[in-house]
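Residue numbers (the numbering used here), protein chains in the order written: chain L, 4 to 284; chain G, -15 to 146; chain Y, 4 to 404.
All C-beta atoms in this analysis are idealised placements derived from N, C-alpha and C, irrespective of residue type, glycine included.
Take a look at the structure set out below.
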Amino acid sequence: MRTTQANKPIPGCDGRDRPPLRSRREFIGQGTRTLGAGVAALVLCDLAELTEYAKASGLTTSSAEPLVSGYDWTKHAYVYLIDLRKCIGCGYCVQACSRENDVPEAYFRTWVERYEVSRTGEVRVDSPDGGMNGFEPVVTGQEVTKAFFFPKLCCHCTNTPCVQLCPVGASYRTLDGVILVDEQRCIGCGYCVQACPYGSRFIHPVTHTASKCTLCYHRITKGLKNACVQACPVGARRFGDTKRVGDEVARIIATQRVGVLQPELLTEPNCFYLGLTREAR
Amino acid sequence: MEHTKHIIRAVLLLIVAAVSFVIIRHFLIPETFGAYGHFRAASVTEHAAPAPVHGGVEACADCHDEPSDVWSAGKHVTVSCEVCHAPLGVHVRDEEQVAAMPVDKTFRLCGRCHERLVARRTDFPQVVLRDHVRENGVGLATDDEMKEGVCLECHNAHNPSE
Amino acid sequence: MGEHTGYLFPNDLHILWGLMIVMYPYVTGLVAGAFILSSLYHVFHREELRPIGRLSLVASLGFLVFAPATLLLHLGHPERSFGIMVTPNLSSAMAMFGFIYAAYMALLLFEIWLVHREDIIMLASRSQGIIRTFYKLLALGVYDISQEAKRVDHGVVVILAGLGIPAAALLHGYVGFIFGAVKANAWWSTPLMPIIFLCSAIVSGIAMVILLYQIGMKFSGRKIHAPCMQSLARWLWMFVIISVTLELLEIMTLAYEAAEEWEVIGPLLGNQLAFSFIGIQLIAGALIPIILLGIVVLMSPYLTDQIRNTLCFVASLLLLMQVFAMRWNVVIGGQIFSKSLRGFRESHMPDLFEKEGIAVAILIFVLPLVFIVLFNRILPVFEPPDEEVPIEGGPSPADSE
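Right, dumping it as structure tokens:
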């Protein structure tokens, strides 16, 4: 084998082993020790973080600062009630929500549907612009025997698939029962939008994050009513708190025949309907 | 085993990569994450932060006690002022008027609730506007078109039975 | 936007997961399929597949490298995508992407490295200057290619390839699970989804390797190894049959049970998806390849090499098209009907030059092929001809050159 400068044989190529240099072994040993120390430090850091976590969630005696000043979220558990027998389809709830929350055009945090059922059981459903500008009369040529309006919004489910499926933890449930989206962490994958059986989510065209009804969290934490509930002129939409003593909505939900949408999916919605009928999905 | 040096080196490389990931990840986790569940707790504060846009009827009554009194005596007491007018934020900011409060005085506003629709519950007052206007002898602009403000010729918007 | 029929939920008017999300399972399917094919050689020692043993690994790597591009192009905030590895939500199948991808990449690189190690060391000794340094680095500074070292390598490769089968299955199976576990979508929600995805992934992987092998041999002026092609045809045929059976089974069950979801899925398959489902996925993409491959498998003694190669080539092209159509029908199809189960959108047609458009999709499909060609420049992807193992009863390598 020729051994010129340019064509040095690689050690070991001829089939024989060469012992490693002592310094290399030492280097590796030193490196491993340093690495081990670093990892140990990391573990201790994480443990420290865990104790912070324990403190914050009230597992230890010291209390953390409330997330929203002047508001204790552990004292509320919100529920929403829609009386379908009362809705007149004015769509002012949709309008109020849109103004209150700066909802982009052609997307809806809440909307109203209109169902017209013929004698033969055929169902015609529509929701012009989500009901934002009310409804116009339509002529279907069929004899309509049953018709009603159907407001819809995010059901803030207890076992919601949207939180289960969010890959980064941007979709979450607050301790007072509201499903919110962390707009700074959302990566805009759209999985939660696909996962919602009720179609209440959308990807915001400007922020490119998931967006939906927040129960007007910025209002209810200040003791105000949600915009849609306040706007409803006939009291079809109602907002309640099961942790509040004497709450009327909570009482109705507990005592009257309320229904939910798609109960077989066991998402445990917290939006209840009075006067639910089989045509509704 | 004897001839495994290359395997060991490759595995070491992988371990270094994995450990670097663990270390880097640690510094990338947002501050308030995990405090109450698998989310960033500061997001809750962010959601609660914005100022409300709608004010509520008490805010209107503060300045407009006359229409408010008329309104609270009639059937429209269940209709919030901001529904027919506009959200408080359009009209007043920081206790000062910034613009005139808009209102739609045409039949379209009234018809939005009171136009007869099949799906509307029958115990709610609704009419076929054209017929209602004709029957009550109020003029139509042309044979077909209704005058824009026709409803207000007979009804007080705040208290419709007045 | 297209026309709608019936009633759609107001937020349901837009197809959210477009061409890039169709491409993603397509590309990871090629990754998983090519790898599982390579394991037939590396784990189960099907010697007749030796000619494509390295090619399938490198093909897997090529598509693996470009798979994340599809997702990053789709995300609303790709710059935040590292979030799935920093704060993964463990109940989300999608969050598993980062870890599964990284683990599989590590495993595949390790295996490719071991398979090519001898070549790396040989090339290191034969080259000069910066290229020499490059190969020396690639060898991790160890130049042992003794018999014992090669035995160690082989043992580790078997382990890696063995571990790699579930890893590859997981890499593509979890995508099927992402769809299959969405109870809100009647077309996606089925326990069969991961296995359907996986079987059709294997189909696409084998088809891709057949095409690459034939084209590669053509360009280097070498003969295609007939027993290898025969074996590939056989495996492909089997997996096509399994895959199509599962796909049809799902639809037959839906049609038979005739529950609420059939009200939309039936019309969906008959109208909006008529061309892509019946035309491509079933007839042109499944029935015809099954016939062509059936001829290859069942009538092998009567075929010349030329006919066998051509039949396999055509069948593979059709099957690559079929697997794409299947992904399209699942992803886009599942979004054509509204969650109201009362309305349909018109079928989605992506633009040529948008972020999630046709041009980008073609690019993402072609770049891995370029990768394979470039890889071949660095390390040979095909076994040298004089090392081809003669198979009993088959043509000996001496006949080929």
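Residues bridged to residue i [DSSP beta-bridge criterion]
| i | result |
| --- | --- |
| residue 152/L | 117/L |
| residue 85/L | 240/L and 276/L |
| residue 9/G | Residue 9/G pairs with nothing; no bridge assigned. |
| residue 7/Y | 348/Y |
| residue 176/L | 182/L |
| residue 129/L | 117/L |
| residue 77/G | 80/G |
| residue 213/L | 206/L |
| residue 74/L | 71/L |
| residue 340/Y | 347/Y |
Chain G contact residues for residue i, given Cβ-Cβ distances below 7 Å
| i | result |
| --- | --- |
| residue 109/Y | -2 |
| residue 147/Y | -13, -11 and -10 |
Contacts that residue i makes with chain Y (C-beta to C-beta distance below 8 Å)
| i | result |
| --- | --- |
| residue 12/G | 85 and 89 |
Rounded distance between the beta-carbons of residue j and residue i, thought under 8 Å
| i | j | result |
| --- | --- | --- |
| residue 25/Y | residue 182/Y | Between residue 182/Y and residue 25/Y the Cβ distance is about 12 Å, and since that is not below 8 Å, they are no contact. |
| residue 43/G | residue 52/G | 10 Å between Cβ atoms; not a contact. |
| residue 343/Y | residue 47/Y | About 49 Å; that fails the 8 Å criterion. |
| residue 324/Y | residue 297/Y | Their Cβ separation, rounded to whole angstroms, is 18 Å, which puts residue 324/Y and residue 297/Y out of contact at 8 Å. |
| residue 277/L | residue 87/L | 6 Å |
| residue 186/L | residue 210/L | 6 Å |
| residue 40/G | residue 227/L | 7 Å |
| residue 197/L | residue 185/Y | 6 Å |
Chain L contact residues for residue i, given Cβ-Cβ distances below 8 Å
| i | result |
| --- | --- |
| residue 108/G | 91 and 237 |
| residue 19/Y | 193, 196, 197 and 206 |
Short Cβ contact (9 Å threshold) for residue i with residue j
| i | j | result |
| --- | --- | --- |
| residue 206/Y | residue 36/Y | yes |
| residue 184/L | residue 230/L | no |
| residue 89/G | residue 145/G | no |
| residue 121/Y | residue 349/Y | no |
| residue 94/L | residue 96/G | yes |
| residue 192/L | residue 170/L | yes |
| residue 19/Y | residue 206/L | yes |
| residue 257/Y | residue 244/Y | no |
| residue 133/L | residue 153/L | no |
| residue 114/Y | residue 228/Y | no |
| residue 155/Y | residue 60/Y | no |
| residue 236/Y | residue 254/Y | no |
| residue 166/Y | residue 110/Y | yes |
| residue 180/Y | residue 209/Y | no |
| residue 79/L | residue 180/L | yes |
The ligand SAH heavy atom lying under 8 Å from the CB of residue i
| i | result |
| --- | --- |
| residue 328/Y | Only the bare structure without any ligand can be found here, which leaves the ligand SAH out of the picture. |
Helix, strand or coil at residue i [DSSP, three-state]
| i | result |
| --- | --- |
| residue 265/L | coil |
| residue 12/L | Confidence in residue 12/L is poor, its pLDDT being 49 and thus under 50, which makes the residue's placement unreliable; the coordinate value appears in the next sentence. The answer is coil: DSSP assigns residue 12/L none of H, G, I, E or B. |
| residue 108/L | coil |
| residue 129/Y | helix |
| residue 135/Y | helix |
| residue 271/L | coil |
| residue 80/L | coil |
| residue 262/Y | coil |
| residue 129/G | coil |
| residue 24/G | strand |
| residue 0/G | helix |
| residue 147/L | strand |
| residue 357/Y | coil |
| residue 58/L | Model confidence at residue 58/L stands at a pLDDT of 44, short of 50, so the residue's coordinates are unreliable; what they give is reported in the following sentence. In the structure shown, residue 58/L sits in a helix (DSSP, three-state: H, G or I). |
| residue 97/L | helix |
| residue 99/G | strand |
| residue 66/L | Only weak support is given to the placement of residue 66/L: the predicted model assigns it a pLDDT of 42, under 50, and the question is left unresolved by the model. |
| residue 166/L | helix |
| residue 196/L | helix |
| residue 222/Y | helix |
| residue 17/G | strand |
| residue 111/G | strand |
| residue 240/Y | helix |
Where residue i meets chain G, residues with beta-carbon distance less than 9 Å
| i | result |
| --- | --- |
| residue 147/L | 102 and 103 |
Cross-chain neighbours of residue i in chain L, by beta carbon under 9 Å
| i | result |
| --- | --- |
| residue 64/G | 95, 99, 233, 234, 235 and 236 |
Residue i: contacting residues in chain Y (beta-carbon distance under 7 Å)
| i | result |
| --- | --- |
| residue 114/L | 13 |
| residue 130/L | 13 |
Interface residues of chain L facing residue i [CB-CB closer than 7 Å]
| i | result |
| --- | --- |
| residue 94/Y | 167 |
| residue 185/Y | 197 and 198 |
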